[in-house]
Ligand SMILES: Nc1ncnc2c1ncn2[C@@H]1O[C@H](COP(=O)(O)OP(=O)(O)OP(=O)(O)O)[C@@H](O)[C@H]1O
Ligand SMILES: Nc1ncnc2c1ncn2[C@@H]1O[C@H](COP(=O)(O)OP(=O)(O)OP(=O)(O)O)[C@@H](O)[C@H]1O
Ligand SMILES: [Mg+2]
Ligand SMILES: [Mg+2]
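Residue numbers (the working numbering), protein chains in the order written: chain A, 156 to 473; chain B, 283 to 720; chain C, 175 to 448; chain D, 175 to 448; chain E, 32 to 517.
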């Protein structure tokens, strides 16, 4: 096999694509890598199938690999896996460009989207139907939020960084839920009456929904928003406008790291694999001025990037 | 046929006659006919709506903006230290975009020292210029030092602006094209240097992360391979299986089982065929991932039930008297089937093929798990090389963040439909030839 | 409603032919021509069908008898390539007129086809089909009665009475032919066109059908195609002789069989033809 | 090869029947029974078909003539519900034996069906089909000759010679019937089974077909179902009378028509049956 | 010798056998005995005997020798030690194999350098990219592997040719006037047909097997009771599940959604498709039909994602606004709804019903139509009472296919009806289907060996069983009401 094979997350795909394309253009003696889309889970599964010509070399993932997965990897012979963190993906709220400005805090989101709220000390089905019932500063719009579906890694971030963070746990405890686990569960339970719409497709689908429902609020990746800034207006979270800078510095709260995993055993075996990874990690690719950053990837701080390069060069495995 | 409107009542009839409820029956007849017309109109209306939506969104994708620039292949830029004789990689790594930029700067009369202006120029021309110019140079290294007019692709955003798809009323900061760039664009347009050309790249380029250099080339080849495989496998196997089941198999529990089974396979979600392909063809038989060959096999399995169901129905519709006639002359059952029944069943078989292939041509889900939903930039040389397919390209472009891809996606849909029609036309002509009323 | 009941027929049988009433012309063909595509199969046929009489069409195979018969209830409409010229009237109405209603026409002018074509339904349903679409039976029992009497008239009742629910296509050739006769008379049309109704029948069944024809004639008008001169002579009052698409001669059966005007008729009848 | 050429036939016509050779038994049915599903349509039929003779099967409609005929070349195999018991031999070989090749059997025992069933192909192809699959013509011209002579023998050549390329389904009923006869004799089978081959034919065409049968008999063996006693008497040497699925009587035609043993035969022949 | 070349030669032998066989058979036909089979059947039989066993042998040999070669390479590789440069033996072997393949590209007679460092430029000049981990010790192994492979190939070719020629001779020897060549050829054809129909069975077995084990694993962590009878679908994701919050995997909402959407789609596709078919085959002129039929077939060829986008962007909002206008305020049709999804899907499926039914209706013999029209039935009565019943098996087949497609469709449902697993009776609300969940659970970011992903397999099998029942019922109906014309 003379072609690198990459599979995995569709969030990482656009970045991997840019890198693969430029890699092919720069290293003309190697073929352009093939980058599959299909989700982190399926990608890691293929990755963990074993070592050899007929298995893939790299798995893209929008979440860290799980212990379980690593274990089954090792069982199948993939004992040495190198982890590479390429940067961060910001998660933003946006509305139609013609709408008013939005300033959200996690509590607003929790109150608008949670399945159950504590009202007057009792746990009841979420009674809010309009945003301004949640927070008078918000517009008088019917609640209609397009949030990532459960298949997406983003959903997890959404739940932990917003719902859980905005959840009034004390009130829940006061309402009679003693168990911490139970509280955690209640916090992240999302209403199912059609006000919060799961989107299992990509952000284009969310955009289409906002297009057809001008008073909808959608959750997007930062990259996607930036590419569609002429159609969307972004909301601040806790007063911070999401941007590569605010995310990189950690001011903007909602973001997640993106990864890929390399099969170390393949490094000298698949022509170009090593060069590809190095090329990917180069500042020309993932630095703040790089095409990936232009596309919307939030670059990791300089030290972290250098750390990644060093770790890879040193052959550090998980 | 002497076709006389059935809805006119016999007015001339004078004598009182037996009442056979004609009035009501004619009303029923008329209603029935109207239902037919309505049904067809509904179908055609939806078709029209779909086609109009697709075409109106996608036709612009067939044009692409380019800037014709006199590129001077400056040795100082390409090979500053004059090492190309010893190190061929110089020509590969050279800063080709710079050549294009220089030419553009000269054309627009910008002062190269004016940094802010130069910065605004960024993103005017496509990054694809690198490959384009490099190909020119590696094809003929003697161009170095000469000047030549080259059509350089404009960047996707400028292309959109040129086609008037960018809302200039939006705040400049929120757009991808600055006012300065618009001014330059208008200037170049007025000079006749910047113009739209037929977008051959849409048909020839492979996948790319840049809208302007992305095309369906790999997808067309991949789909072509897959359709050939599906046609070559599914049609004969499907027809053979139907013949066996309909004409030869004894009617018993076991063949009932097969029949139910085949019908059932038609209801299996297409992604499950992908699972099967992954398990059997890739994991068990060790075939390569992302290959059109495996895709073709998976789509074959997916298409088979459709063809079998259609073929069996068509075979069953041939009247038994034809069978007796052939057998009575001493034809063997094989001969009877292949020489008499099959030609008469051909229209139905072809219809099944058309519908089956149409679906196979448009499916993405089964290809997902065998790695064909992928970014593939290089042309596949054989069906065993990585490739994508038309619907995959559509699906992937539909999910792109950059707007320019939406247009390409609609263009791709048009190409797919044309591909489909081209594929169907033979079948439709054949079907008409075989059609026979008796 | 106009169901033929056993009684009405029995009454009718007693009547003697009334010379006057028989001269009523039920159907008239005027310069009828038929083309199948380019090829003309029937040329300028002028033929009258008289009420309450049996008209026999004879002539060598392929001479256009069936074609003419099919013109009389416009069954040729269903053949794409067929085109009819000239004029045919039923009770003085032009049946090819725009205003005429083919369905009613065919309900009035019934047909038994040359090749028996039972529906792939049960025997009962085959016979009940016509009465049902025309709404001739209000109740199930009426329908049963129509089915039974039709099958009886077609001389097939005994053979099928135990298997009314079995498919009509599982009958023998002659049984199918009689089933088709039963099916046609079940709707009691005014004119019945029969294309060789006895071709697959044994002499006894043939005799029964001929009896039936004779009975029916009292109330209906019948046109029959036959290859048997004996049969033509036995059942018909008038005979028309076709040859190569032309009507050669037409006249009272007695005369035709004893003293035909045309040489060809004579040759044909005496079997010297060909 | 075994093509019937005009000459060989002409020579044969001159021969007088040889009583000895006629006693060769070509086919023999031994306790043949046929069931359609549960229903038995044929009971214990023992019947010999003699070589170079014409055996006529007569009997009222629905008595099982076609059923028996279809047993002789195993066409009943194609009816799902049909089941045959007993034994039938052709040249002493059991035709229901496992080793027998039905296809070859049917090439040797040809059949003309009761309902004409031409292929929806051209007239030429209809006739040429059999010879083609059996490889009876080496060249196109041979084939043309076979087609022409078969059509001529079936007395239809004049009617179709100008339209050989038109579909066989566009012929008149009688023409289709003759086409099917032509088609069957084109493969020159050893035994020809004809199920009412003249039912849709005019007297002259009938006479021609009867002549053909007489000619064919010199070299072949023929079994014919007919409803016409006259025809049976004219063409056959032996006659078998069926009734309600039973073989009532079988014997030399002369005797059967003059002095039958069975009362039913007598009644049927004289038309008193029913 | 390459397998392709061997194959070509075998076929050539077959062709020669065919020609000889045919001639011999023709020559033997002296007219004395009636030949059983025509000469070309003898030819074909000779061809088949010459080709089929040889091809089978070739296939077996190829597979066998590649196994043997593998073993050979593995055996030649040095013992693995802790400091082996290559991670695993499999990789080691694959490096040798690609090296061997690369070596074949070198010009014959090129002196072979002993080290990979020297070899690499030579290979690169030939356009062979090799992995940098290739070791020096692999070069002799690769050279040896190539020789072994050549030898195996040659031997295999000789044996196959021998078999092929033997087969041809055997067949040619058999030729005799009474030899049943046709039966032999046809028996082989029949086996071919049978083999083709077993592919369907094998596919089914494959599908069941490829889902069964994961399904079992799934049921180890989720009880079948709560899966089959659960009314809440909320699988959560393993990632957040670290806190132990196990999701709920209730099948009922998905099942209901599947049936509901399929029913709506059928309600659109079947009447419209059937009436179109009837109109095209019975009323429309030939020219109209020849345009309309392919035009409708285009509907089946539009990628489903396009329908989906159409539903999201155009139809969904349109219906919502329409319903809002009707009630003067709040819309009763949601932007995403079963109704929208079913409608769009129905449109896509129209041609499946219309084209297949049209063919079957056209195939009903004219005698049936004539019989009915001759009794004074109107066209529509003829169609309804005679033609449609006669065409029933084909039509039911078409409808089954439609239903199947409706059940198996994903993209349209995702976009038009959403992914929320609600349980509702209101067709204007969002619901989702089993298929959608299968796809989503398989392609998401979820952990691959968690119940969240495995549930896809359980869903797949359940759907399989469900449609099986549907098909059995359909078979029964067809059997019962089938009307077979003559
Ligand atoms: N396919 C069938 N299924 C069931 N019964 C049948 C089938 N074919 C014939 N029969 C029955 O078997 C009996 C004998 O039929 P057969 O066709 O042999 O009669 P036949 O002597 O040829 O009559 P005809 O002179 O009317 O053609 C009849 O009662 C008929 O109804
Ligand atoms: N559908 C058709 N297409 C073309 N020609 C036809 C068609 N039907 C009949 N013909 C031709 O028209 C002529 C008259 O046919 P018709 O069926 O009227 O004959 P007929 O007198 O009924 O003969 P028969 O006694 O054999 O039934 C014949 O030459 C026949 O071949
Ligand atoms: Mg006729
Ligand atoms: Mg019969």
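For glycine and all other residues, C-beta sits at the position ideal for the given N, C-alpha and C.
Name the residue from the options whose alpha carbon lies nearest to the alpha carbon of residue i.
i              : options                           : result
residue 387(A) : 443(B), 424(B) and 685(B)         : 685(B)
residue 721(B) : 557(B), 572(B) and 482(B)         : No statement about residue 721(B) is possible, as the shown extent of chain B runs from 283 to 720 and does not include it.
residue 328(D) : 314(D), 286(D), 421(D) and 336(D) : 286(D)
residue 296(D) : 353(D), 266(D) and 209(D)         : 353(D)
residue 452(A) : 237(A), 202(A) and 242(A)         : 242(A)
residue 382(D) : 205(D), 395(D), 409(D) and 291(D) : 409(D)
residue 80(E)  : 499(E), 46(E) and 92(E)           : 46(E)
residue 477(E) : 404(A), 333(A), 217(A) and 408(A) : 217(A)
On the criterion of 16 or more Cβ atoms from any shown chain inside 10 Å, does residue i qualify as buried, or is it exposed?
i              : result
residue 386(E) : buried
residue 379(E) : buried
residue 358(D) : buried
residue 457(A) : exposed
residue 258(E) : buried
residue 558(B) : buried
residue 646(B) : buried
residue 229(D) : buried
So what does residue i bridge to, in DSSP terms?
i              : result
residue 201(C) : 223(C) and 264(C)
residue 421(C) : 416(C)
residue 416(A) : 214(A) and 238(A)
residue 285(D) : 367(D)
residue 188(A) : Answer is none; residue 188(A) lacks a bridge partner.
residue 246(A) : 376(A)
Can you list, in chain order, the residues of the segment 250 to 277 of chain C whose Cβ is nearer than 9 Å to any Cβ on chain B? Those residues of the segment 250 to 277 of chain C that come within reach of chain B (Cβ to Cβ, closer than 9 Å) are 250, 251, 252, 253, 254, 255, 256, 257, 258, 265, 266, 267, 268, 270, 271, 272, 273, 274, 275, 276 and 277.
Could you name the residues of the segment 394 to 407 of chain E whose beta carbon sits closer than 8 Å to any beta carbon of chain B, in the order they occur along the chain? 394, 395, 396, 397 and 407
So does the segment 495 to 502 of chain B actually touch the segment 667 to 677 of chain B, counting three or more Cβ pairs closer than 8 Å? yes
Got a sec: which bits of the segment 561 to 583 of chain B sit with their beta carbon under 9 Å from any beta carbon on chain A, in order along the chain? 564, 565, 568, 569, 570, 571 and 572
Between the segment 165 to 182 of chain E and the segment 124 to 139 of chain E, do three or more beta carbon pairs fall short of 8 Å? yes
Name, going along the chain, the residues of the segment 302 to 320 of chain C whose beta-carbon falls closer than 7 Å to a beta-carbon of chain B. From the segment 302 to 320 of chain C, only 308 and 309 have a Cβ closer than 7 Å to chain B.
Any 3 or more C-beta pairs closer than 8 Å across the segment 254 to 271 of chain C and the segment 417 to 436 of chain C: no
State whether the segment 359 to 379 of chain C contacts the segment 283 to 300 of chain C, with contact taken as three or more CB pairs (one from each stretch) at a distance under 8 Å. yes
Along the segment 276 to 292 of chain C, where does the CB come closer than 9 Å to a CB of chain B? Name the residues. 276, 277, 278, 279, 281 and 282
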